[in-house]
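Chemist: Mind the numbering: the sequence shown is residues 3 to 127 in our numbering, read in order.
Don't be surprised by glycine CBs; every beta carbon is placed ideally from N, CA and C.
Please see the structure below; I have some questions.
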Amino acid sequence: MDNMNNILNRLGKSKFRTSFRLKEIDIDYIDKKGLDTIREHAFLFVEKRLSKSFIVNDGKQTPMKGHPVFIAQHATATCCRKCLYKWHHITPNHNLTDKEKGYIVNIIMYWINEQYFNNKKKFKS
């Protein structure tokens with residue numbers, strides 16, 4: 003796993019990864035649920051969709067919209083095991099450790115917090 007600042011700098015140079023943004027509907031959802039609940043959702047999605055050593059539909063398990071965590075997963079390259087390996091050097095073919103899951107949730111939540119606090123004023127003004 004890379005240093006979070008290093009990976010965020012690398013992701014910031016990807017046209018695809020930087021194309022993801024939280025929309026007003028996502029900001030409203032976070033306002034309604036709260037960031038603690040969004041963190042719980044992130045953990046549940048990582049546990050359900052990424053944690054196993056073999057994922058039948060790897061590369062297709064994370065929707066491109068519908069929840070702020072899904073958007074963040076694509077923005078942070080934590081959407082599938084292939085991306086986790088390519089961008090974060092988390093090897094495939096093993097069950098994710100608690101440390102790896104924590105890292106993934108932390109990077110997702112870092113991105114969500116940045117988006118949330120930078121865009122909340124724009125949408126609420």
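Can the beta-carbon of PRO70 be found closer than 7 Å to that of ASP28?
Modeler: Taking 7 Å as the Cβ cut-off, PRO70 and ASP28 qualify as a contacting pair.
Chemist: Count the C-beta pairs between the region 46–54 and the region 78–93 that are closer than 8 Å, then say yes if the count reaches three, no if not.
Modeler: Contact holds: three or more Cβ-Cβ distances are below 8 Å.
Chemist: If you check the beta carbons only, do LEU141 and ASN97 fall under 7 Å apart?
Modeler: A question about residue 141 goes unanswered here, because the residues of the chain that appear run from 3 up to 127.
Chemist: Classify HIS91: buried if its beta carbon has 16 or more other beta carbons within 10 angstroms, exposed otherwise.
Modeler: By the 10 Å Cβ count, HIS91 comes out exposed.
Chemist: Residue range of the alpha helix (DSSP H) that ILE40 falls in?
Modeler: 37–51 is the extent of the alpha helix (DSSP H) around ILE40.
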